[in-house]
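Trainee: Submitted below is the structure of interest, expressed as structure tokens.
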Amino acid sequence: VLPPGIKPYPDLRAILPFEDEDDGEGDIVVPYLHVDGVSMGHQMAVLEAARSLLEDQTVVVVGLEHSPDLDVRVLIEFFRQVGYKTFFLGARQIARIDNLCEE
């Protein structure tokens, strides 16, 4: 659900050449989807536009830049819904965060 005033992005699936898959060229794979933005609302709009690509695992990895109003719990819930694990990338380490308790 997008915040008020945020318009949905076009379906990202529409810009990929899925009709070519029938020609025996193989499956389409998006190795990395980078999502930037000045607000989490705009970032969530991009993620919602990519939902079908995430649900069928066309996208391998999503990188999301930190926005000032980022709510990690909302982000984790979105990625749980589409079947992805959530990691936090720090300066010199990476840690899984979707398996942490809510406390």
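With positions in the sequence shown counted from 1, the corresponding number in the numbering used here is that position plus 78. Cβ coordinates follow ideal geometry from the N, Cα and C atoms, glycine included.
Measure the alpha-carbon distance for Leu201 versus Leu132 and round it to whole angstroms.
Mentor: Coverage of the chain is limited to positions 79 through 181, which leaves residue 201 absent and any answer about it impossible.
Trainee: Determine the closest residue to Val124 out of Thr136, Leu111 and Val160, with distance taken between C-alpha atoms.
Mentor: Of Thr136, Leu111 and Val160, the residue nearest in Cα terms is Leu111.
Trainee: With a Cβ-Cβ cutoff of 7 angstroms, do Ile154 and Thr164 count as a contact?
Mentor: Yes, the Cβ-Cβ distance between Ile154 and Thr164 is below 7 angstroms.
Trainee: Let me check understanding here. Comparing Cα to Cα, which of Leu94, Pro86 and Phe156 lies closest to Leu142?
Mentor: Minimum Cα distance to Leu142 is reached at Phe156.
Trainee: Between the alpha carbons of Arg158 and Arg129, how many angstroms are there, rounded?
Mentor: So the alpha carbons of these two residues sit roughly 12 angstroms apart.
Trainee: How is Ala92 classed by DSSP in three states: helix, strand or coil?
Mentor: Three-state DSSP puts Ala92 in a helix.
Trainee: Whose C-beta lies closer than 8 angstroms to the C-beta of Gly161 among residues of the same chain, with five residues either side of it excluded?
Mentor: These residues qualify, in order along the chain: Leu132, Glu133 and Gln135.
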